[in-house]
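Asker:
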Amino acid sequence: MIVTRIVQRGALTAVLAAATLLLASGCSSGERGDGGGPGGDGSAPPGRTSARSSPPARVTESAPPAKGSVRVVRTVAEGLKTPWGLAPLPDGDLLVSSRDDGTITRVDTKTGKKSEVGEVPGVSAAGEGGLLGLALSPSFASDHMVYAYFTTDSDNRIARMLYEEEKPAGERLGAPDTVLRGIPKGYIHNGGRIAFGPDGMLYAGTGESGDTGLAQDKASLGGKILRLTPEGEPAPGNPFPDSPVYSYGHRNVQGLAWDRKQRLFASEFGQDTWDELNQIKPGDNYGWPEAEGHSDDPAFHNPVAQWHTDEASPSGIAYAEGSIWMAGLKGQRLWRIPLKGTEASAAPQAFLKGRYGRLRTVVSAGGDKLWLMTSETDGRGSPERGDDRILELQVS
Numbered sequence: 014m015i016v017t018r019i020v021q022r023g024a025l026t027a028v029l030a031a032a033t034l035l036l037a038s039g040c041s042s043g044e045r046g047d048g049g050g051p052g053g054d055g056s057a058p059p060g061r062t063s064a065r066s067s068p069p070a071r072v073t074e075s076a077p078p079a080k081g082s083v084r085v086v087r088t089v090a091e092g093l094k095t096p097w098g099l100a101p102l103p104d105g106d107l108l109v110s111s112r113d114d115g116t117i118t119r120v121d122t123k124t125g126k127k128s129e130v131g132e133v134p135g136v137s138a139a140g141e142g143g144l145l146g147l148a149l150s151p152s153f154a155s156d157h158m159v160y161a162y163f164t165t166d167s168d169n170r171i172a173r174m175l176y177e178e179e180k181p182a183g184e185r186l187g188a189p190d191t192v193l194r195g196i197p198k199g200y201i202h203n204g205g206r207i208a209f210g211p212d213g214m215l216y217a218g219t220g221e222s223g224d225t226g227l228a229q230d231k232a233s234l235g236g237k238i239l240r241l242t243p244e245g246e247p248a249p250g251n252p253f254p255d256s257p258v259y260s261y262g263h264r265n266v267q268g269l270a271w272d273r274k275q276r277l278f279a280s281e282f283g284q285d286t287w288d289e290l291n292q293i294k295p296g297d298n299y300g301w302p303e304a305e306g307h308s309d310d311p312a313f314h315n316p317v318a319q320w321h322t323d324e325a326s327p328s329g330i331a332y333a334e335g336s337i338w339m340a341g342l343k344g345q346r347l348w349r350i351p352l353k354g355t356e357a358s359a360a361p362q363a364f365l366k367g368r369y370g371r372l373r374t375v376v377s378a379g380g381d382k383l384w385l386m387t388s389e390t391d392g393r394g395s396p397e398r399g400d401d402r403i404l405e406l407q408v409s
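Read in order, the letters of the sequence shown are residues 14 to 409 in the numbering used here.
1) Residues bridged to P247 by DSSP?
2) Looking only at its own chain, which residues have a Cβ that is under 7 Å from the Cβ of Y162, when we skip the five neighbours before and after it?
3) Can you tell me where the beta strand (DSSP E) holding D190 begins and where it ends?
4) Just to confirm my understanding: we take D272, look at its own chain, exclude 5 residues before and 5 after, and list those with CB closer than 8 Å. What are they?
5) Would K123 be called buried (16 or more neighbouring beta carbons within 10 Å of its own) or exposed?
6) If you check the beta carbons only, do G81 and Q362 fall under 8 Å apart?
7) For E397, I'd like the list of residues in its chain whose CB is within less than 8 Å of its CB, leaving aside the five on either flank, ordered along the chain.
8) Three-state secondary structure (DSSP) at R84?
9) Note down the Cα distance separating E389 from H263, rounded to an integer number of angstroms.
10) Using a threshold of 8 Å, state whether the C-beta atoms of L406 and L372 are closer than that.
11) Hey, could you find the ends of the alpha helix (DSSP H) D212 is sitting in?
12) Given a threshold of 16 other Cβ atoms within 10 Å of its Cβ, counted over all protein chains shown, does E91 qualify as buried or as exposed?
13) The alpha helix (DSSP H) spanning A154 covers which residue range?
14) What is the residue span of the beta strand (DSSP E) that F364 lies within?
15) Which partner residues does E177 have in the DSSP bridge list?
16) Quick check on L342: does DSSP put it in helix, strand or coil?
17) Could you say if the stretch 183–192 and the stretch 218–238 meet the contact criterion of at least three C-beta pairs nearer than 8 Å?
18) Nearest CA to the CA of L269: which residue from T355, M339, R194?
19) Out of K127, D113, D121, state which residue places its alpha-carbon closest to the alpha-carbon of P134.
20) Is it buried or exposed for R84, if we count other Cβ within 10 angstroms and need 16 for buried?
21) Specify the secondary structure class of R373 as computed by DSSP and reduced to three states.
22) Here's the rule I'm using: 16 or more other beta-carbon atoms within 10 Å means buried, otherwise exposed. How should D401 be labelled?
23) Closest by CA to D190, which one among V159, V130, E177?
24) Given this structure, state the Cα-to-Cα distance separating T242 from H307, to the nearest angstrom.
25) Report the rounded CA-to-CA distance for I117 versus V258, giving the unit in angstroms.
26) Does the distance from the C-beta atom of A79 to that of A312 stay below 8 Å?
27) Tell me the residue span of the beta strand (DSSP E) that contains W348.
28) Would you mind reading off the limits of the beta strand (DSSP E) that contains N203?
29) Could you have a look at E397 and say whether DSSP puts it in helix, strand or coil?
30) How would you label G53, buried or exposed, when you count the other beta carbons within 10 angstroms and need 16 or more for buried?
31) Please work out which residues of its chain come closer than 6 Å, Cβ to Cβ, to G105, disregarding the five sequence neighbours upstream and downstream, and give them in chain order.
32) How many Å lie between G143 and P254 at the Cα?
33) Please look up how many angstroms separate the CB atoms of Y299 and S256, rounded, as I've assumed it's under 8 Å.
34) What is the DSSP secondary structure of T225, reduced to helix, strand or coil?
35) Return the CA-CA distance between G344 and F282, expressed in angstroms with no decimal places.
36) DSSP three-state label for V133, please.
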């Protein structure tokens, strides 16, 4: 179903009323080049990385230990090219999108064997655009639908495709059914992460495509977190009437994850000073371009934690063992942000610094396990590292 809705502005009173009723769910010119060098695990030095608290949670919640751990269990697969999206299948295998090739590959997590599922037609890869995020339908067991966020010649859009496993390799994807089009595209800042939330709705992180004014324009789909029905309609209960916009004032959102209480968190690229981890409230303004990182302006929702841009350049995030885990591109490290409610309960802790290069996507594998995917072949990595890989991690 093709959706071409134009986001309408709602009255301020309507915005506040709708937001009150909803349960809180949770690179100076791109994703930046390589930065940071090899190092050991540990917390960030004082003054370099800071945790900023959102308003305190009303109910007392326990926090995980201040210090955690990461163990690389094994390398699951190698030889990936420009991998971006990562979607676990019900049987434990993984679907991986190739940003530049526009293809989806299935990875057998037991053997590491790769088989091409198919190519998504209409993908126009340039700069940071191409075939980006993947998500499985909440009804995948019955409808077999795979959702993809990708760049075309004219826009960024979200489409769903039938996945028919019994067909020959390379022919398992049906024709794309576009559910949302018209997301602004650019050489930079295309966003691209999509995920179905605990409410069964489809969430999408978008970028402002280099046009900073779009982030504050609620009539634009750029620089937003969107919330849609699986058919691409504005989801019921959204904060702005007849609009898919869920939150605004974002620069480039590439990570979405929910905690055990179904609260939504998102990672965001800053420009020259601060990258952010945000806890997302419906209808809230996250400040860009007026604010980058923590602000004293009460109109803007402050981040849970922030990092200097050479330490993070955050892409994917996942929730496990009471913490948000955040993959860093330029930072070349995996960040652990322990939570107590919607606050950081201790200073963020860095792992795997420089060991595997740029880190693109991290996904929960259940319990204390994560899938982590590198991004060395995206044009900003180190060719001597070879192709990209998927790792299995055990975390605490």
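Backbone N, C-alpha and C fix where the C-beta goes; we use that ideal spot for every residue, glycine too. Please read these numbers as outputs of a predicted model, since none were measured by experiment.
Answerer: With the given structure in hand:
1) L241
2) L145, G146, N169, I171, G205, I207, A217
3) 190–196
4) G39, F278, Y332, I337, L352
5) exposed
6) yes
7) none
8) strand
9) 26 Å
10) no
11) Here D212 belongs to no alpha helix (DSSP H), and DSSP marks it neither H nor E.
12) exposed
13) 153–156
14) 362–364
15) BP columns for E177 are empty, so no partner.
16) coil
17) no
18) M339
19) D113
20) exposed
21) strand
22) buried
23) V159
24) 32 Å
25) 28 Å
26) no
27) 347–353
28) Note, N203: premise wrong, no beta strand (DSSP E); not H, not E.
29) helix
30) Bear in mind that a pLDDT of 33 at G53, under 50, signals an unreliable position, so the model cannot answer this.
31) T122
32) 31 Å
33) About 16 Å separates the two Cβ atoms, so there is no contact after all.
34) helix
35) 12 Å
36) coil
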